[in-house]
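Engineer: So that you can map any letter, position 34 of the sequence shown is 25 in our numbering, and since no number is skipped, the others follow by simple counting.
From the three backbone atoms N, C-alpha and C, an ideal C-beta is built for every residue, glycine too.
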Amino acid sequence: MYPRIESRLAKIGMTKRELAAALGLDYEVLLLKLERKDYFTLDEAIALKRITGASDSIEELFTFLA
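Set out below in structure tokens:
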């Protein structure tokens, strides 16, 4: 899981379904990516940062807990 992404979504009141739609992904695919069972592309990571208005760098945004 990516805690900074989760935190950012909560802060802006965006659901994972809304994020999936904004990224042009199926909801199930987004869940796989958030669970680290699949990878975000660089374009998806940049879009996620833009869509959520995150001020974190991409590296910080995609830091995860072991």
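1. Specify, as a first and last residue, the run of the alpha helix (DSSP H) that D34 falls within.
2. Among the residues of its own chain, which have a CB less than 8 Å from the CB of M(-8), if the five just before and after it don't count?
3. Looking only at its chain, what residues have a beta carbon closer than 7 Å to the beta carbon of K47, apart from the 5 residues adjacent to it on each side?
4. Taking a contact to mean a Cβ-Cβ separation below 8 Å, would you say A45 touches R8 in this structure?
5. Can you look up Y(-7) in the DSSP assignment and give me helix, strand or coil?
Structural biologist: Considering the structure as presented:
1. For the purposes of this step, residue 34 is taken as the residue at position 43 of the sequence shown. 33 to 43 is the extent of the alpha helix (DSSP H) around D34.
2. Locating residue -8 in the sequence shown gives position 1, counting from the first residue. Contacts found: L25, E26, R27, F55, L56.
3. What you label residue 47 is simply residue 56 of the sequence shown in a count that begins at 1. It should be pointed out that residue 47 corresponds to Asp in this sequence rather than to Lys. Result list for D47: R(-5), in chain order.
4. Within the sequence shown, numbered from 1, the residue matching residue 45 stands at position 54. Within the sequence shown, numbered from 1, the residue matching residue 8 stands at position 17. Contact flag unset, no.
5. Indexing the sequence shown from 1 puts residue -7 at position 2. If DSSP states are grouped into helix, strand and coil, Y(-7) belongs with coil.
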